[in-house]
Structure formats: C-alpha cells, structure tokens
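What follows is a single structure, written as structure tokens, with notes after it.
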Amino acid sequence: MLVANKDLLIPARKKAYAVGAFNINNLEALLAVVEAATEEKSPVIVAVTPSAIKYAGLVYLANIVKTAAEMALVPMSLHLDHGENFEVVSKCIEAGFTSVMIDGSFLRFEENVALTKRVVNLAHSKGVSVEAELGRLAGVEESTVEEKEAVLTDPNNAKDFVEQTGVDALAVAIGTSHGAYKFKAEPKLDFERLRLIKEKLSIPLVLHGASSVPYWIIEKASKYGAELTGAKGILEEHIKKAISLGIAKINIDTDLRLAFTATVREVLTNSPKEFDPRKILGPAKEVMKEVVKGKMRLFGSSGKA
Ligand code: PH4
Ligand code: ZN
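So for the sequence shown, our numbering puts the first residue at 14; every next one is plus one.
Written out as structure tokens, the structure reads:
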C-alpha cells in the first residue's frame, strides 16, 4: 500500500530506527527494492529524482511504483527526491506521489523558506509529506572552519526553518555527499552538529549521500574492468550513530548503482555468448536486492512493517 513518508518516519524517529529511501530509474531497481522490503518485512521509500523522470518518464515511473505498492504487503511511499522547483513538485503530486522533497538548499535562507512554504501548502492540502534541505551536501573535508559553517546545517537556522515552513522532515548537511567519492582522507561526519540539531528539532531528520561504497562491490567491479580508484563511502558504524541522533530516513543510490554495474560486468565477462537481457539484468537485480536487504537490517527497519 502507498502511504505518506510521515507515516513511515514518525514511528522510525520515535523508536530510533531509519527507513531507507532507495532511488530507482528502471523496473529492475524497483523489483529489487520491493522484493527486499517484502522479504525483510520492512517499510520502504521508493525515491525518484527529476533526472530519473527525464530518463524513464513520470507516468511510467509513477505507475510501476503504484502497481508495486498495490501488490506489496509492506507500507511504501513514492517520494520525489531533490525536487528543484514548484512545477516538478506539483506534477509529481498530480501523478500520485505521496511525498516530495523540495530542495531549496542552493537558495538564500529566506528564499528557501518561501519556496518550501509554498510547497508545504500545496502538499499538505493533498495529504502529501514534505522534506526540505538546509545546508548543502558537499565535500568539506579540506574546507576551512568558515567554509564548513557556510555549507553545513546550522542548528539554530534549522529550528527557525522548520517553525517557519511546517515541513515534515529535514535533510541535514553534516559532511556526507552524493556519489562514490565521499572522502579523500578518513570518513568523518559532524556528529556534534547532528546532536545539536536533534536537540532543537523533534521532526524526523534525513541523511542524504549515505552510501557506504562497500569494498566487496568495488573489488568485484574492478575485477571485471571498472576504474573506481579512490571510491570511499560512509562507515556502517557512522550510520548507526546517525540513527541514534535522530536520522530517520536514509538515502541510498550509489551502492545500488555499483552493485548493478559490477554484476552486469561480471555476467558479460563470464558469459560472452549471453545476449538475453533477462539473464544479464536478472543477476544484477538479485545483487541489488541483497544490498537493500543489508541496509534494512543495518537501519533497523527489518521487521517493522
Ligand atoms: N540521493 C540520490 C540522488 C541521485 O540526479 P540523480 O538521480 O543522479 O540524483 O538523493 C542521495 O542522497 C544518494 O546518496 P548516495 O550517492 O550516497 O547513494
Ligand atoms: Zn540526495
């Protein structure tokens, strides 16, 4: 069944676990996510970005997720990830999304508040949840203290932002970034900042850029010809600590991309005569599913559906 993110995230924050938001761009990724959620008895968020919509089409994506939700025995939401303007948000709400992110993190504080408020008014009138972002995800490890302060979420601003906008969840910047190259040196997150944000806000907090870039996947992809030198992600123990500090939604995309690509490379190398897409994409889906199941166990959402 399709539910709003709020219904999944409020219990998660209360009971100190997190619900995974997994990005999908095609049927294989969706099947991997839904099968994993069903086997783990876990609530799940299916995330779609504007670039996924550009790739596969809004109506196609919305309808395969709605079909999956009708058949699934676990609660799921269909979430717009990184909606960049009011127009994309309203199109997604019209198409049946149950949750939207409006990412005004590139705007000045007042502009971000104004845009987010406008989205909250529309979304809440339709029972749709809203996530917003304050602070920017960026590689900050070599930044000066002043640069970090400009990029990472300020706890006092976060409190004002939530009070002024009425958002249901807030994505915070504490040192994560999107993609497979998150750190040049040792993985490090600003937990003291997160602790202060948690003290000031009772709504669920969201961690973007949370892939761990597992060594076994990098090793497998590299064995079959990928060039991924320097790839590094978030430590699993840091994910657990973030959950204990109020993170209730965790975004994962890169780890699924890596699992998919490593497996496609493996199959094509080991079976050069194979040209049936089902025999190439099928194993890739299975490995993505195992990755999703592992995340659900790590996040503590297994058994919560
Ligand atoms: N996301 C995924 C963003 C994907 O435009 P696009 O479809 O390439 O955008 O919101 C994440 O936070 C994923 O984090 P990860 O890279 O650590 O998996
Ligand atoms: Zn993100």
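Here a beta-carbon is modelled for each residue, glycine too, at the ideal position from N, C-alpha and C.
As the structure is a prediction and not an experimental result, all values here were calculated from the model.
beta-carbon residue i near the ligand ZN non-hydrogen atom, thresh 7 angstroms
i, result
"Asn-320", "Nothing can be reported for residue 320, as the shown portion of the chain is limited to 14 through 318."
"Asp-268", "no"
"Asp-94", "yes"
"His-191", "yes"
With 16 other Cβ atoms within 10 Å as the buried cut-off, status of residue i
i, result
"Phe-273", "buried"
"Ser-138", "exposed"
"Asp-94", "buried"
"Asp-289", "exposed"
"Tyr-30", "buried"
"Lys-286", "exposed"
"Met-301", "buried"
"Arg-291", "exposed"
"Lys-197", "exposed"
"Glu-107", "exposed"
"Gly-316", "exposed"
"Phe-312", "buried"
Heavy atom of the ligand PH4 within 7 angstroms of residue i beta-carbon
i, result
"Thr-274", "no"
"Ala-182", "no"
"Ala-65", "yes"
"Ser-118", "no"
"Asn-36", "yes"
Residue i versus the options, residue with shortest Cα-Cα distance
i, options, result
"His-195", "Thr-157, Pro-227 and Gly-96", "Residue identity differs from the one stated: residue 195 is Lys in this sequence, not His. The option with the nearest alpha carbon to Lys-195 is Pro-227."
"Ile-216", "Lys-302, Ser-224, Thr-189 and Ser-142", "Ser-142"
"Leu-44", "Leu-269, Ser-64 and Ile-263", "Leu-269"
"Glu-162", "Ile-187, Phe-174, Leu-183 and Glu-146", "Ile-187"
"Arg-208", "Leu-218, Thr-282 and Met-114", "Leu-218"
"Ile-58", "Leu-22, Pro-296 and Leu-71", "Leu-22"
"Gly-33", "Leu-40, Glu-41, Lys-54 and Asn-39", "Lys-54"
"Arg-278", "Lys-262, Lys-233 and Glu-199", "Lys-233"
"Ala-171", "Ala-193, Asn-125, Gly-246 and Thr-80", "Asn-125"
"Thr-276", "Pro-24, Gly-259, Ile-260 and Gly-295", "Gly-295"
"Glu-212", "Asn-169, Thr-242, His-221 and Gly-246", "Asn-169"
"Ser-190", "Glu-199, His-221 and Thr-166", "His-221"
"Gly-246", "Ile-260, Ala-193 and Leu-214", "Ala-193"
"Glu-97", "Ile-66, Val-72, Ala-81 and Glu-83", "Ile-66"
Residue i Cβ short of 7 angstroms to the ligand NAP heavy atom set
i, result
"His-221", "Ligands displayed in this structure: the ligand PH4 and the ligand ZN; the ligand NAP is not among them."
Contact between the stretch 293 to 311 and the stretch 45 to 55 (3+ Cβ pairs under 8 angstroms): yes
Given 8 angstroms, three or more beta-carbon pairs between the stretch 251 to 270 and the stretch 200 to 211: yes
Given 8 angstroms, three or more beta-carbon pairs between the stretch 84 to 94 and the stretch 117 to 126: no
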